[in-house]
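Structure, as structure tokens:
In this note's numbering, the protein residues as written are 20 to 467.
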């Protein structure tokens, strides 16, 4: 009789450990399963994938039910083991049962099932989902009560946990997944940049990608028509801004194809050609418009060209549909584009850069991570960090790079040399800057 009870107890303990392993593996698999993969399988008609999606949607309740079940079976298994060892070894059985159960629970019920689950979480999640759904339904009322008690206790300590508040937004989750895939080798740099550019559209404004008015190529509508036609045909752009009176008074946009049609209709007689009637009215957008909103506006209006104005109504530049698309797919060049030599890598590892080069383009080309929150161009970043307009040959070190001003025209930095630094170089540069600051502080001022 004693032997039968002994073997039943041992069998019960092993069964409880197996159930504990099921709970641990299920928790790991369901929390690590790909929501995107489950969504695709669900669209393909996989019933188990729809169950997994519903379980993941209520993740807090899912984890609560699995933890509750896991703790119940672990406590019960520990109690049975302690009772068994007390009957076999007396008072020493308590310590022995603690050691044995710790080893069994950690190895068999925690590490092993979680390792199996994380090796292929999607398949494991699909396999356990039907059973876990029943468990969540059974423990649901208890879990809801526990959640309410936990929230009440946390509220007493001033911590408010909102069930509907997500820790990460959908954009943050996607961005994290893209970066992780790139680090693990699943995405090449070009694909990562395209996906990252798409996610950045809502955070960037048109002022970040516009062509500044100092770089705009525009036509004076009051010029002789023949000169306007020659200039429009010689330009590398399809659409040309038109101004009248003052260079910032834009009155329309001339499309080369419309110009050719009108020229043919007039029998190549320039005197019969009214350029302003051919042009389309100008479209002005605020410089604070997000790229996502501007892209939608371009598509809605079936337009490709807009002038960017600041809060005072002054034209700051222009933005095109191509400028926004280039933020996603990178530089788009055709046979009519002018190749700009704004970034020139050097043999010593440095890069000579024109001051007007956008920081985002520089980061994308060199896989750098220079901040672009305070400035759009690399020259603007140097001025922002230096808190002054530097002179030629001045050197600055920040953000892990050494910036040397090579050329300055009036108040504009037109050319820079940028050298990426390692940790040792950064430390040495910091010491040198501190030494220069101490020397200046120690130099007595001359009073006339």
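Quick reminder that beta carbons are idealized off the backbone N, C-alpha and C, glycines included.
* To do: Taking 7 Å as the cut-off, decide whether the C-beta atoms of residue 318 and residue 343 are in contact.
  => no
* To do: Could you check which residue in 166, 260 and 409 has the C-alpha nearest to that of residue 334?
  => 260
* Asked: Around the C-beta of residue 313, are 16 or more other C-beta atoms found within 10 angstroms, so that it is buried, or is it exposed?
  -> buried
* To do: Just the C-alpha distance for residue 438 and residue 253, rounded to the nearest angstrom, thanks.
  => 38 Å
* **C-alpha gap between residue 340 and residue 322, whole angstroms** => 8 Å
* To do: Report the residue from 94, 223, 120 and 143 whose alpha carbon sits nearest the alpha carbon of residue 377.
  => 223
* **Residues of its chain near residue 303, where Cβ-Cβ distance is below 6 Å and the 5 sequence neighbours each way are ignored** => 326 and 328
* To do: Could you check the C-alpha separation between residue 393 and residue 405 for me, to the nearest Å?
  => 13 Å
* To do: Determine the DSSP secondary structure at residue 382, reduced to helix, strand or coil.
  => helix
* Count the other C-beta atoms from every protein chain shown that fall within 10 angstroms of the C-beta of residue 363, then say buried if there are 16 or more, exposed otherwise. => exposed
* **Backbone secondary structure at residue 52 - three-state DSSP** => coil
* Euclidean distance between Cα positions of residue 422 and residue 366 -> 17 Å
* Confirm the yes/no value for this check: CB of residue 336, any heavy atom of the ligand GDP, distance under 6 Å. => In terms of ligand content, the structure shown is empty, and the ligand GDP therefore cannot be addressed.
* In the DSSP assignment, what are the bridge partners of residue 373? -> 434
* Asked: So, are the CB atoms of residue 143 and residue 48 less than 7 Å apart?
  -> yes
* **Start and end residues, beta strand (DSSP E) containing residue 408** => Careful: residue 408 lies outside any beta strand (DSSP E) and carries neither H nor E.
* To do: Would you check if the distance between the CB atom of residue 106 and the CB atom of residue 36 is smaller than 7 Å?
  => no
* What first and last residue would you give for the beta strand (DSSP E) that runs through residue 417? -> 414-417
* Residues near residue 186 in its chain [Cβ-Cβ closer than 7 Å; skip 5 each side] -> Summary for residue 186: the model assigns pLDDT 44, below 50, so the residue's position carries little reliability; its value from the coordinates is reported in the next sentence. Contacts found: none.
* Asked: How far does the beta strand (DSSP E) with residue 335 in it reach, from first residue to last?
  -> 334-339
* Cα-Cα, which of 216, 84 and 98 is closest to residue 154? -> 84
* Kindly list the residues whose CB is nearer than 6 Å to the CB of residue 145, restricted to its own chain and excluding five residues on each side of it in sequence; keep chain order. => 67
* Under the DSSP definition of a beta bridge, which residues are partnered with residue 259? -> 273
* To do: Please report the residue range of the beta strand (DSSP E) in which residue 325 lies.
  => 324-328
* Residue range of the unbroken beta strand (DSSP E) whose run includes residue 307 -> Segment: none, residue 307 is in no beta strand (DSSP E) and carries neither H nor E.
* Simplified DSSP assignment, three categories, for residue 134 -> helix
* DSSP state of residue 223, grouped into three classes? -> coil
* Asked: Would the segment 205-217 and the segment 233-244 be scored as touching if the rule is three or more Cβ pairs under 8 Å?
  -> no
* For residue 521, does the three-state DSSP call read helix, strand or coil? -> Because the chain spans 20 through 467 in this model, residue 521 falls outside it and cannot be assessed.
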